[in-house]
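Participant: What follows is a single structure, and I will ask about it in a moment.
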Amino acid sequence: MSDNEADALYDNLMDEEEEDLLEEEAAQEEEEEQEGLPDRDEKEPIAILPHDAADSTKANKVKITTRFLTKYERARILGTRALQISMNAPIMVKPGTETDPLKIAMMELRARKIPIIIRRYLPDGSHEDWRIEELEIPGLEM
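For the sequence shown, full-length UniProt numbering begins at 1 and goes up steadily by one.
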């Protein structure tokens, strides 16, 4: 068998394996759609809402999730708020000479003045809304 024939045979085998993998993936996607399984990226575990968006009539009196702000929530809040500040949103603290939106957002977080509500989704489909003032923020230098 020449090198060219061996290369052609190898290429054919690889093409068949790729086709098999693609067919398996397509079949698995069809099964998930038929079973009604939600898409993994469909719903995030938290949402960031404007301060006045929480419905106080549906507010949870007894909260079951942790009162501590997670590092993921902190990152999302700071990023969202820095973007808002960079797009000329009103600043809730006196920034002094600071012009960096992220540093201003950090100053607002330290002062607990960020006008954002964290909505935590629960496995049963319900949710809890937390204001920044209600949360304990680990590692916050005062």
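Think of the CB as a built atom: it goes at the ideal place given N, C-alpha and C, for glycine as much as any other residue.
So what does DSSP say about residue 118, is it helix, strand or coil?
Facilitator: Three-state DSSP puts residue 118 in a strand.
Participant: Can the beta-carbon of residue 81 be found less than 8 Å from the beta-carbon of residue 116?
Facilitator: Result yes, Cβ atoms of residue 81 and residue 116 sit closer than 8 Å.
Participant: Check whether the segment 108-123 and the segment 80-98 are in contact - that is, three or more C-beta pairs closer than 8 Å.
Facilitator: Cβ pair count under 8 Å is three or more, so yes.
Participant: Let's see if you can read the secondary structure: which residues bound the beta strand (DSSP E) around residue 133?
Facilitator: Careful: residue 133 lies outside any beta strand (DSSP E) and carries neither H nor E.
Participant: State the Cα-Cα distance for the pair residue 36 and residue 50, rounded to the nearest angstrom.
Facilitator: With a pLDDT of 49 at residue 36, under the threshold of 50, the predicted position of this residue should be treated as unreliable, though the coordinate-derived value follows. Whole-angstrom Cα-Cα distance: 32 Å.
Participant: Just to confirm the assignment: which complete alpha helix (DSSP H) runs, minimum length 4, are found wholly within the segment 53-106?
Facilitator: Listed in chain order, they are 71-86.
Participant: Within this structure, are the beta carbons of residue 128 and residue 122 separated by less than 8 Å?
Facilitator: Yes, the pair counts as a contact, with Cβ atoms nearer than the cut-off.
Participant: Among the residues of its own chain, which have a CB less than 6 Å from the CB of residue 119, if the five just before and after it don't count?
Facilitator: Around residue 119: 47, 49, 127 and 129.
Participant: Just the Cα atoms here: how many angstroms apart are residue 39 and residue 125?
Facilitator: Residue confidence for residue 39 is low, a pLDDT of 48 falling below 50, so the modelled location carries little weight; the figure read from the coordinates is stated next. For residue 39 and residue 125, the distance between alpha carbons rounds to 15 Å.
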